[in-house]
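> Residue numbers (our numbering), protein chains in the order written: chain A, -11 to 437; chain B, 51 to 313.
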Amino acid sequence: MSDTSKTVKSDSTTTGKVTEGQVEQQDTVAPADDPTAAPVSVTDPRLLIREEGLKGYLTEFKRKVKGGELGSLPVVIGLIVIWTIFQLQNDLFLSADNLSDISYFLSATGMLAIGLVFVLLLGEIDLSVGSVSGLASTLFAVLAVNHGMNSWLALLLAILTGLAIGALHGWFFARIGVPAFVVTLAGFLGWNGVMLWLLGDSGTINIPSDEGPVRLLGKSSFFMDQAIIGAYILAGLAVVLSLVGNLNEQRRRRAAGVPFRPTSEIALRVGALAVVSFVAAAVLNDAAGVSNALVIFLAALVIVDFVLRRTTYGRQVFAVGGGIEAARRAGINVPMVRITVFAISGGFAAIGGMFFAGQTASATLSAGGGNTLMLAIAAAVIGGTSLFGGRGSVWSALLGMLVIQSIQTGLNLLNMNTSIQYMITGAVLLGAVVIDSVSRKSQKAAGRA
Amino acid sequence: MVHVSATPVLALRGVSKRFGAVQALTDVDLEVHAGEVVALVGDNGAGKSTLVKTIAGVHPIDDGVIEWQGNPVKINKPHDAQGLGVATVYQDLALCDNLDVVGNLYLGRELLHRGVIDEVTMEKNSRELLSTLSIRIPSVRIPIASLSGGQRQVVAIARALIGDPKLVILDEPTAALGVEQTAQVLDLVERLRERDLAVILISHNMADVKAVADTVAVLRLGRNNGSFPVKDTSHEEIIAAITGATDNAVTRRAGRRTAEAAK
């Protein structure tokens, strides 16, 4: 059965009308057995429709890149370039141990980046996450070590403090109307001051790393105690969940008579995920196993991704990021969304701070200082979350952190000076923002933003 | 012509609104029946927007009565109006550029399936709604940003219909549109009428008014200045009423007679 609507028209005047091919929503023309494949009055004849098969993917991909929808492309290219360069400089870089190191260390800053993704989706910025993370680790150390509090209770209090601090920033921004960048800049300085005051003369508080959250987040704590099967269970879980979710979605969409993802495409996607996750599992097993810090980070990503894409709250965050007035008229409580988003950012900053404490088993004067903030922002932006609001996903925290942590670990491996590290980090952040701005421009030109 | 129902969906009786020293509306009457398009016209500052805002609940009225399907009601906040079944499409488009068409249609009232946004049903309903309105857009899954101005306007109007309203208020729906897009929007207004909705259309464009409206209600300086059946009224007569050139006994009588005929 042939369907003429499947041909791609290459009329130059219609380049603005391109199909959406995002991960979530597909306008793929359903296979011929789909009842909705018959001409539907909703579709516009000028619309470019993706061809079936590999060629269709390729043309669509090219069109998207031209239109500025880069998606994960900069990350993939960045990773290939970075890994090649470092591997040429030092052949230990792509060793299992080093890759395992990268996977462990990326989770701390990654947690900060998750919170920042929320804020960036609103088109705002939170400059305080580094300081809040330092304050949370110090608060935890003071409560758990100096006052002998139960370490899990201390953890809870530290995270609640982060949430409260974030909510306070959000309140100043949403209710008083102070620009978020100024509020959080004040927080950046102020909360760092509180941390220094709490640490007092001692300067450093060592946290015993044999129990509680610090042990869990430490470098020698692994999922299922390093059992080989552990990593594969995680990889298998991801693949099965993705497969079941995709098929379930396909079934529901088919039943409702709306376009659905063809089985071949689902197979391709799940297959790609399976390859990536099982290779990663094999590499990590080759080193020491999957660190618990990484497992918690990945779990947080899955949960947050679900919240952002599938719940009313997530939709509200995107709506406020896309158009404040439209969101308000749709009955969304804009100040509430803003305050909660900043609270979430503060909460994830505090969790990230605990991850840092787990890495060093201490709370130090320099915690959350230096380039922590820059790295977290860079990670979110490199991963594909726009600084201009309304576009992005939490997976950018993972992808961006892979790039950032590769650079960090690589530079350490080459024994680079801190001065060089700062310069390179600055350049990477600038590069990421330039990519974001340029892609936004070409999206506008292609009528997509 | 329209088959007007006995009881108007919405009736304003002697509505007045004051802002400080300004008497924005004085003793205004207006009736809208199901399946009727009432064009609300008048010069700038005539009180059109204020009148619409009193119906939409943005400004509570000071005096007079608002009747909804024959019963007096109080509309003090936008929520009250929405609860009654009044949907307002504002002049500046209230859509989120980054969300797709489905997301925008259901923004603020997402359908849930076990606590999770039910994209499938929302998409299905959106396609059905858009196709019954004969709205042609490339796909219900593309971001609003990639639609043309006319397409955005029809999506904005379709959005107003998701809540199953009885009265739709369109504030200058064709103000920023080209010829083709204007025609699309006017087609859509006619389809709203076919669906037996009451429509209040604010417009400065007499051609649009003549094209789709059944009745023209003219406001001048915050007061009624005649209500005319469109098919029996010339362009010039409406213009005259708007500018006040025919504020005399003859037109007042004509206005009274059309009001009686409408009842």
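Where is the CB? At the ideal position from N, CA and C, for every residue including glycine.
#1: Answer yes or no: does any C-beta atom of chain E fall closer than 8 Å to that of Leu134 of chain B?
#2: Helix, strand or coil, according to DSSP, for Arg326 of chain A in the structure here?
#3: Quick check: is the beta carbon of Val246 of chain A nearer than 8 Å to any beta carbon in chain B?
#4: Distance, Cα to Cα, Glu230 of chain B vs Thr251 of chain A?
#5: Tell me, please, which residues DSSP counts as bridged to His163 of chain B.
#6: Leaving out the 5 sequence neighbours to the left and right, which residues in its chain are closer than 6 Å to Thr138 of chain B when beta-carbon positions are compared?
#7: Does the CB of Thr299 of chain A have a neighbour CB from chain B at under 8 Å?
#8: Using a Cβ cut-off of 8 Å (strictly closer), state whether Thr171 of chain B contacts chain A.
#9: Using a Cβ cut-off of 8 Å (strictly closer), state whether Gly319 of chain A contacts chain B.
#10: Report yes or no: is there a C-beta of chain A within less than 8 Å of the C-beta of Arg177 of chain B?
#11: Taking the straight line between their C-alpha atoms, what separation do you get for Gly272 of chain B and Ser284 of chain B?
#12: Would you mind listing the alpha helix (DSSP H) stretches within the stretch 72 to 157 of chain B that are 4+ residues and don't spill past its ends, in chain order?
#13: Got a sec: is the Cβ-Cβ distance from Ala337 of chain A to anything in chain B below 8 Å?
#14: Return the residue from the list B:Leu197, B:Leu60, B:Thr104, B:Ser66 that minimises the CA-CA distance to Pro128 of chain B.
#15: Listed from N- to C-terminal order along the chain, which residues in the stretch 301 to 331 of chain A have their beta-carbon within a distance smaller than 7 Å of any beta-carbon of chain B?
#16: Whole angstroms is fine: what's the gap from Gln77 of chain A's alpha carbon to Ile70 of chain A's?
#17: Are Val88 of chain B and Leu62 of chain B close, meaning C-beta to C-beta below 8 Å?
#18: Contact defined as beta carbons within less than 8 Å: I believe Val117 of chain A pairs with Ala364 of chain A. What is the distance between those atoms, to the nearest angstrom?
#19: Count Cβ pairs between the stretch 204 to 217 of chain B and the stretch 243 to 260 of chain B that sit closer than 8 Å; are there 3 or more?
#20: Please name the residues in the stretch 368 to 389 of chain A whose beta-carbon is closer than 7 Å to at least one beta-carbon of chain B, in chain order.
#21: Cα separation between Gly245 of chain A and Leu180 of chain B?
#22: Measure the alpha-carbon distance for Thr352 of chain A versus Ser197 of chain A and round it to whole angstroms.
#23: Would you list, in chain order, the members of the stretch 216 to 247 of chain A that have their beta-carbon closer than 9 Å to a beta-carbon of chain B?
#24: Could you tell me which uninterrupted alpha helix (DSSP H) segments, each at least 4 residues in length, are contained entirely in the stretch 236 to 282 of chain B, listed from first to last along the chain?
#25: Please confirm if the stretch 121 to 140 of chain A is in contact with the stretch 312 to 325 of chain A, defined as three or more CB-CB distances below 8 Å between the two stretches.
#26: Just checking my contact of Ser384 of chain A with Gly371 of chain A at CB under 8 Å: how many whole Å lie between their CB atoms?
#27: Could you pull out every residue in the same chain whose Cβ sits closer than 6 Å to the Cβ of His157 of chain A, ignoring the five residues on either side in sequence?
#28: Does the count of Cβ pairs from the stretch 281 to 295 of chain A and the stretch 117 to 126 of chain B closer than 8 Å reach three?
#29: By DSSP, does Gly64 of chain B sit in helix, in strand, or in coil?
#30: With C-beta atoms as the reference, is Leu115 of chain A less than 8 Å away from Phe160 of chain A?
#31: Does Lys127 of chain B have its Cβ less than 8 Å from a Cβ in chain A?
#32: Below 9 Å on C-beta distance, what does Leu145 of chain B contact in chain A?
#33: Please report the distance separating the alpha-carbon of Ile289 of chain B from that of Ser176 of chain B.
#34: Would you say the stretch 185 to 199 of chain A touches the stretch 261 to 281 of chain A, given that touching needs at least three Cβ pairs under 8 Å?
#35: How long is the line joining the alpha carbons of Leu197 of chain B and Val235 of chain B, rounded to whole angstroms?
#36: Helix, strand or coil for Asn273 of chain A? Go by DSSP, reduced to three states.
Quick look at the numbers:
#1: Within the model displayed, chain E is absent; protein chains A and B are what it includes.
#2: helix
#3: yes
#4: 40 Å
#5: B:Val166
#6: Ala106, Ile219
#7: yes
#8: yes
#9: yes
#10: yes
#11: 23 Å
#12: 98 to 106, 128 to 134, 151 to 155
#13: no
#14: B:Thr104
#15: Arg303, Phe306, Ala307, Gly309, Gly310, Gly311, Glu313, Ala314, Ala315, Arg317, Ala318, Gly319, Ile320
#16: 11 Å
#17: no
#18: 6 Å
#19: yes
#20: Gly378, Arg379
#21: 15 Å
#22: 15 Å
#23: Glu237, Arg240, Arg241, Ala243, Ala244, Gly245, Val246, Pro247
#24: 256 to 262
#25: no
#26: 2 Å
#27: Val171, Thr172, Gly175, Phe330
#28: no
#29: strand
#30: no
#31: no
#32: Gly310, Gly311, Ala314
#33: 39 Å
#34: no
#35: 14 Å
#36: helix
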